[in-house]
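Right, one structure below, let's go through it.
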Amino acid sequence: MAGPLILVVDDEINIADLARMYLTKEGFEVITANDGDEGLRLFRSRRPTLVVLDLMLPGVDGYEVCRQIRKDANTPIIMLTARGDDVDRIVGLELGADDYLTKPFNPRELVARVKAVLRRYTPSSSSDEEHSRISIGDVIIDLKQRLVTIAGRTVELRAKEFELLTTFAQNPNTVFDREKLLNQVWGYDYYGDSRTIDVHVTHLREKLEGSKIKIQTVWGVGYKLILQ
């Protein structure tokens with residue numbers, strides 16, 4: 039039985055083939071595209087479980103591919119960039135990517151990140167109902183179904199936004215520095231810029247607007263969740 043379907047979109051054929059080889063060895067089914075148009079066609083026709091997306095593509099670039107995917111799907115996206123420019127990473131995250139890797143990268147790290155992102159999109163199998171929900175203010179977090187409601191209204195969160203909110207809600211009024219959040223939420227040793235946290239917190243704050251909880255900045259340290 040084939041594993042989760044991964045779409046790799048990269049104009050460097052050797053990189054796409056390398057990613058396919060390593061991911062296939064780990065039990066994933068992999069399809070590849072070498073430009074943005076082909077990537078979007080495959081995404082719409084095959085509906086992959088996760089997308090590995092290069093930002094610098096001929097024709098329709100990775101930013102636009104990400105925008106188009108985010109218009110109608112919450113599919114996790116790991117972006118690839120050939121440049122170590124913070125702007126590339128931040129813009130990609132703001133468009134809705136869940137994680138990123140800078141080229142050249144170790145293919146084993148790509149596999150680890152794919153697995154980590156997918157774990158966070160997989161509902162918990164725990165049957166302990168008592169511990170499967172968190173209620174704080176007018177926000178209810180269903181850990182088993184990975185659903186969040188504010189005053190009865192369902193709010194759609196991406197995987198890491200959900201994990202961030204859960205971490206804060208389980209520890210209200212506790213200050214978390216960015217390094218601790220990176221290690222706890224990303225689920226492995228993360229070597230990215232700590233501003234990744236700032237981008238995700240900004241998105242989470244926008245989605246929590248109007249609720250009775252708030253993610254407060256603790257200047258020079260990090261963030262904490264408080265009741266308003």
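Residue numbers for the sequence shown, in our numbering: 39 to 266. The beta carbon of each residue, even a glycine, is placed where N, CA and C say it ideally should be.
Apart from the five residues on each side of it in sequence, which residues of its chain come closer than 7 Å, Cβ to Cβ, to residue i?
i: Asp92; result: Val47, Asp48, Asp49, Gly100, Leu118
i: His241; result: Glu199
i: Leu61; result: Ile44, Val68, Val149, Val152
i: Val176; result: Residue identity check: residue 176 is Asp in the sequence provided, not Val. So the list reads Ile188, Ala189, Ser249, Lys250, once near-sequence residues are dropped.
i: Gln254; result: Tyr261, Lys262, Ile264
i: Ile51; result: Asn72
i: Asp136; result: Pro114, Ile115, Ile116, Val155, Arg196, Ala197, Lys198
i: Arg243; result: Ile253
Quick check: what's the CA-CA separation for residue i versus residue j?
i: Leu263; j: Lys109; result: 29 Å
i: Val129; j: Gly65; result: 31 Å
i: Val237; j: Gly134; result: 10 Å
i: Leu78; j: Gln266; result: 42 Å
i: Val155; j: Leu139; result: 13 Å
i: Thr204; j: Ile179; result: 7 Å
i: Asn209; j: Thr234; result: 21 Å
i: Ser164; j: Asn144; result: A caution first: Ser164 carries a pLDDT of 46, below 50, which makes its placement in the model unreliable, though a value can still be read off. If I take the Cα positions, the gap works out to 33 Å.
i: Gly258; j: Arg85; result: 42 Å
i: Met94; j: Cys104; result: 12 Å
i: Val90; j: Thr192; result: 28 Å
i: Gly41; j: Lys141; result: 26 Å
i: Ile102; j: Val186; result: The sequence given here has Glu at residue 102, not Ile. Cα to Cα, Glu102 sits roughly 28 Å from Val186.
i: Met59; j: Ala120; result: 20 Å
i: Ser83; j: Phe214; result: 41 Å
i: Pro96; j: Asn221; result: 34 Å
Report yes if the CB atom of residue i is closer than 8 Å to the CB atom of residue j, and no otherwise.
i: Arg184; j: Phe200; result: yes
i: Leu45; j: Ala71; result: yes
i: Tyr159; j: Ala197; result: yes
i: Leu148; j: Ala57; result: yes
i: Leu246; j: Leu219; result: no
i: Asp75; j: Val98; result: yes
i: Leu181; j: Ser170; result: yes
Identify the continuous beta strand (DSSP E) that holds residue i and give its terminal residues.
i: Glu67; result: 67-71
i: Gln254; result: 251-256
i: Thr87; result: Taken as a continuous stretch (DSSP letters only), Thr87 belongs to no beta strand (DSSP E), as it is neither H nor E.
i: Gly260; result: 260-265
i: Asp180; result: 177-180
i: Leu93; result: First-last for Leu93: undefined, no H or E at that position.
Using only CA atoms, which one of the options lies nearest to residue i?
i: Asn112; options: Glu194, Ile188, Ser249; result: Glu194
i: Leu80; options: Gln222, Arg191, Ile107, Arg146; result: Ile107
i: Glu132; options: Arg171, Ile116, Thr212; result: Ile116
i: Val256; options: Thr212, Gln222, Asn221; result: Thr212
i: Val223; options: Ser83, Ala120, Arg157, Glu102; result: Arg157
i: Lys63; options: Asp136, Asn221, Arg146; result: Arg146
Could you spell out the range, first to last residue, of the alpha helix (DSSP H) harbouring residue i?
i: Ser24; result: The requested residue 24 is not part of the displayed model; the chain covers only 39 to 266.
i: Lys109; result: 100-110
i: Val213; result: Counting along the chain, Val213 falls outside any alpha helix (DSSP H), and DSSP gives it neither H nor E.
i: Val237; result: 233-246
i: Val149; result: 145-159
i: Lys63; result: 51-63
i: Leu203; result: 197-208
Which residues in the same chain as residue i place their Cβ atom closer than 8 Å to its Cβ, once the five residues preceding and following it in sequence are excluded?
i: Val239; result: Leu202, Ile253, Tyr261
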